[in-house]
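Heads up, the numbering used here is the position in the sequence shown plus 9, with the first residue counted as 1.
C-beta: ideal position from N, C-alpha, C; glycine also.
These notes are about the structure you will find just below.
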Amino acid sequence: MLTAKTREGHDLPVIDITDPRFAVPDTAARALYDAFVADERRRRFVPAFIMRMLLGAAARRSRLVRAAFAPQGGFLDGLSTYVMKLGPDNLVPPWDSPTDRRVAASPHVALMRLRMQQIARLLAEGLVAHLRANAAAPLDLVNVGGGPALDSLNALILLARGHPGLLARRIAVHVLDGDRDGPAFGANALAALLAPGQPLHGRDIAWHHTPYDWNATAPLADLVRTLVAAGAIVAASSEGALFEYGSDDAIVANLAALRAGGAGARVVAGSVTCADETRRRLIAQSRIRLMPRGLAGFAPLAARAGFAIVRSENAGLSDQVLLAPCAA
10 MLTAKTREGH DLPVIDITDP RFAVPDTAAR ALYDAFVADE RRRRFVPAFI MRMLLGAAAR
70 RSRLVRAAFA PQGGFLDGLS TYVMKLGPDN LVPPWDSPTD RRVAASPHVA LMRLRMQQIA
130 RLLAEGLVAH LRANAAAPLD LVNVGGGPAL DSLNALILLA RGHPGLLARR IAVHVLDGDR
190 DGPAFGANAL AALLAPGQPL HGRDIAWHHT PYDWNATAPL ADLVRTLVAA GAIVAASSEG
250 ALFEYGSDDA IVANLAALRA GGAGARVVAG SVTCADETRR RLIAQSRIRL MPRGLAGFAP
310 LAARAGFAIV RSENAGLSDQ VLLAPCAA
């Protein structure tokens, strides 16, 4: 199994969603969501103080529970989120305790894994026509708040497997994230994927990480203007990040920045937290500051910035959207 190092020096498997060891069937979404709801209904009968005691005990035995139980600033960090997406059979030390494996096997986490698959697929499929139309243009993938940005890398894997000729160009992945651990692992994962015999071998792909706060969008707008001026095809994604945690104003401002320089981003893919009653109740009880907008709440924000939803896929807890610029 292909691995890459974290900043701490641990070797983690590199997720390739075309590998059955990492893939979650799209057809499993409904059953996984039903199992998630059933689990949460059972927990509602557990008194709050007992649940806190149970979570505290689990956190002492599990790095993954610790990350979810005490998220930094209300966010689940990018590297812990990535480890969860490995699946229970692919966990490695120090994330492989029995409690870690139970977390990774939960319906909630399986739906997070499906979320990444759907965004990678939407991004890849949304790019095909643009790449065919301009075989000489560089391709720049902009990932907002994506940590290791494995949605971007897996979009490239899908294109390399399904349309290999379309990647015969200069490619760059630009990760805009305030965290260091996730992007550092992502850079090492890309290096591993570029090695001989690996899915991206022989491709000209660069990695750039820029510390970023999505409430201050000038760096993003400057980057997009520079890329557009160089004639690049620009595509953006934000999996489990901006559209789920950001304020309305932050979402509109970042999407507007992605349209900087005229043409701007040709496609944008991202995840939107569902707004059903179960989801809202659970978010209200947690320390993670998700914004349950649903498609109905998100679409007007995208429109304010000049984007429309052209396709969506559901993974129970979130809807994954593909955006394109609105016609002038």
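Proximity winner among the options, relative to residue i (alpha-carbon distances)
i: V184; options: A250, G206, P173; result: A250
i: V261; options: G306, T235, A241; result: G306
i: D285; options: V46, E17, H19, P22; result: V46
i: E322; options: A144, L331, G255, G315; result: L331
i: T235; options: P208, D213, G271; result: G271
i: A142; options: G240, D109, L202, S115; result: G240
i: D149; options: G87, V243, P173, A259; result: V243
i: I166; options: A144, I128, R189; result: I128
i: L203; options: A238, M93, V233, N163; result: N163
i: V182; options: A145, W104, V233, A238; result: V233
i: A37; options: V101, S161, Q126, D105; result: Q126
i: D20; options: L100, G96, K94, M93; result: L100
i: P102; options: G18, A144, T27; result: G18
i: R16; options: A201, A333, R189, H217; result: R189
i: S161; options: D35, S106, H217; result: H217
Short Cβ contact (8 Å threshold) for residue i with residue j
i: R30; j: H139; result: no
i: D328; j: L304; result: yes
i: G154; j: S89; result: no
i: G191; j: G135; result: no
i: R130; j: S280; result: no
i: V23; j: A119; result: no
i: P147; j: R111; result: no
i: C335; j: A317; result: yes
i: Y91; j: L199; result: no
i: L264; j: A308; result: no
Burial state of residue i, where buried means 16 or more other Cβ atoms lie within 10 Å
i: G171; result: exposed
i: N224; result: exposed
i: M10; result: exposed
i: R39; result: exposed
i: P220; result: exposed
i: G211; result: exposed
i: A193; result: buried
i: S256; result: exposed
i: P208; result: buried
i: V319; result: exposed
i: M60; result: Below a pLDDT of 50, predicted positions are generally treated as unreliable, and M60, at 49, falls in that range; no measurement from the model is reported.
i: R122; result: buried
i: G195; result: buried
i: D109; result: buried
i: G87; result: buried
i: D48; result: exposed
i: G206; result: exposed
i: A311; result: buried
i: F54; result: The predicted model places F54 with a pLDDT of 49, which falls under 50 and marks its position as unreliable, so this point remains unresolved.
i: D25; result: buried
i: F58; result: Below a pLDDT of 50, predicted positions are generally treated as unreliable, and F58, at 39, falls in that range; no measurement from the model is reported.
Residue i - partner residues in DSSP beta bridges
i: H183; result: V151, H217
i: V281; result: D328
i: I24; result: Looking at the DSSP assignment, I24 forms no beta bridge with any residue, so it has no partner.
i: E7; result: Within the shown structure, residues of the chain are numbered from 10 to 337, placing residue 7 beyond reach of any answer.
i: P34; result: Answer by DSSP bridge pairing: none, since P34 is not bridged.
i: V276; result: A244
i: K94; result: According to DSSP, which records beta bridges pairwise, K94 is partnered with nothing at all.
i: A317; result: A333
i: A13; result: L21
Other residues of its chain near residue i: CB distance less than 7 Å, five sequence neighbours each side excluded
i: C283; result: P301, G303, L326, S327, D328
i: A44; result: P116
i: R288; result: T282, P301, L326
i: G187; result: P220, Y221, D222
i: L41; result: P116, A119, L120, G325
i: M93; result: L73, V112, A113, V118, M121
i: F252; result: I260, G279, S280, V281, F307
Contacting residues, own chain, Cβ-Cβ under 6 Å from residue i (five flanking each side not counted)
i: A266; result: T226, L229, A230
i: N197; result: A13, K14
i: A245; result: V151, L267, A274, V277
i: A259; result: W223, N224
i: P97; result: R110, A113, A114
i: A215; result: A181
Residues near residue i by beta carbon distance below 8 Å, same chain, minus five either side
i: L168; result: A133, L136, V137, L140, L175, L176
i: D213; result: R178, R179, I180
i: V237; result: V243, A269, G270, G271, A272, G273
i: A201; result: L11, T12, A13, V23, Q207
C-beta neighbour in chain D for residue i, strict 8 Å
i: N224; result: The structure shown has no chain D; it contains just one protein chain.
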